[in-house]
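*Asks:* In UniProt numbering, the protein residues as written are 1 to 241. One structure, as structure tokens, below. Some questions next.
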């Protein structure tokens, strides 16, 4: 019974944080992040003619390069521009999608932030909606995939406590500006023909076909510099152009 009550309390706290992001500014770690980072982040935004009240962001991760790119735009604009590049502190698993709980794989695909945790065991964390619709259609399992602090992982994207302060604040501002689903796109590498050819011998035909499908979204993202819109059709991403 104690475990059930504790679980319900955690769920209520999480839902409260999701639905009322402004309340998070009173959380100790968020307050520290604001004290340490707010000035420099707002200065960077201003240099790009952006502000926190009208901010949208988009995150792109490349597993093989241990790199997380943060793109930004004003809410009144349609295209994103690169704002900052962050090193991912540590990697687990190998190239290829996450398929099962406990496989230590970092997912690959098109996700969004679905929860904020200002009291994470990993300092601050941003949860992803893994498994997404495509993952579920393929029978993949797993949960609790986060972009978080510290430098340890079993399938997440650890950014260190210092850098997660910045990423978390950007995400919080975007949420407050009305961005309900902050996109997070995770690729095994830059999805060029050359890179796919380089790594295709390391994977099976199913993963290779999956990568080719990811490449469709990757190419569209590079061309349009916009959030991707897609549906899951016949166990594949179908992109709206």
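Note that CB positions come from ideal geometry on N, CA and C, so glycine has one too.
Using C-beta distances below 7 Å, list every residue in its chain close to residue 42, excluding the 5 sequence neighbours before and after it, in chain order.
*Replies:* 52
*Asks:* Can you say whether residue 155 is buried or exposed, counting buried as having 16 or more other CB atoms within 10 angstroms of its CB?
*Replies:* Residue 155 is classed as buried because its beta carbon has at least 16 other beta carbons within 10 Å across all chains shown.
*Asks:* Mind checking which residues open and close the beta strand (DSSP E) that includes residue 115?
*Replies:* Element bounds for residue 115: 109-120.
*Asks:* With which residues is residue 148 paired in a DSSP beta bridge?
*Replies:* 125 and 158
*Asks:* Which of helix, strand or coil does DSSP assign to residue 195?
*Replies:* helix
*Asks:* Where do the ends of the beta strand (DSSP E) carrying residue 69 lie?
*Replies:* 67-74
*Asks:* So, for residue 185: in the same chain, excluding its five sequence neighbours on each side, which residues have a beta-carbon less than 6 Å away from its beta-carbon?
*Replies:* 60 and 110
*Asks:* So what does DSSP say about residue 237, is it helix, strand or coil?
*Replies:* The answer is strand: DSSP assigns residue 237 an E or B state.
*Asks:* What residues are listed by DSSP as bridge partners for residue 230?
*Replies:* 239
*Asks:* On the DSSP letters alone, give me the boundaries of the beta strand (DSSP E) that residue 50 sits inside.
*Replies:* That residue, residue 50, is in no beta strand (DSSP E); it is neither H nor E in DSSP.
*Asks:* Under DSSP, the alpha helix (DSSP H) around residue 218 begins and ends at which residues?
*Replies:* Start and end: 205-224.
*Asks:* Would you tell me roughly how many angstroms separate the C-alpha atoms of residue 235 and residue 123, rounded to the nearest one?
*Replies:* 36 Å
*Asks:* In whole angstroms, what separates the C-alpha of residue 231 from that of residue 237?
*Replies:* 6 Å
*Asks:* Starting from residue 82, trace the beta strand (DSSP E) in both directions and tell me its first and last residue.
*Replies:* 81-87
*Asks:* Residue 241 to residue 212, Cα distance in whole Å?
*Replies:* Note on geometry: alpha-carbon atoms of residue 241 and residue 212 lie some 17 Å from one another.
*Asks:* Under a three-way DSSP split, which group does residue 268 fall into?
*Replies:* A question about residue 268 goes unanswered here, because the residues of the chain that appear run from 1 up to 241.
*Asks:* Verify whether the separation of the beta carbon atoms of residue 171 and residue 113 is less than 8 Å.
*Replies:* yes
*Asks:* In or out: residue 87 buried (at least 16 other Cβ within 10 Å) or exposed?
*Replies:* exposed
*Asks:* Taking 7 Å as the limit between beta carbons, can you name the residues of its chain near residue 82, skipping five residues before and five after?
*Replies:* 69 and 71
*Asks:* Of the residues 47, 222 and 64, which one's Cα is nearest the Cα of residue 196?
*Replies:* 64
*Asks:* Hey, could you find the ends of the alpha helix (DSSP H) residue 136 is sitting in?
*Replies:* First-last of the alpha helix (DSSP H) with residue 136: 133-137.
*Asks:* Given this structure, state the Cα-to-Cα distance separating residue 101 from residue 116, to the nearest angstrom.
*Replies:* Take the alpha-carbon of residue 101 and the one of residue 116: they are about 21 Å apart.
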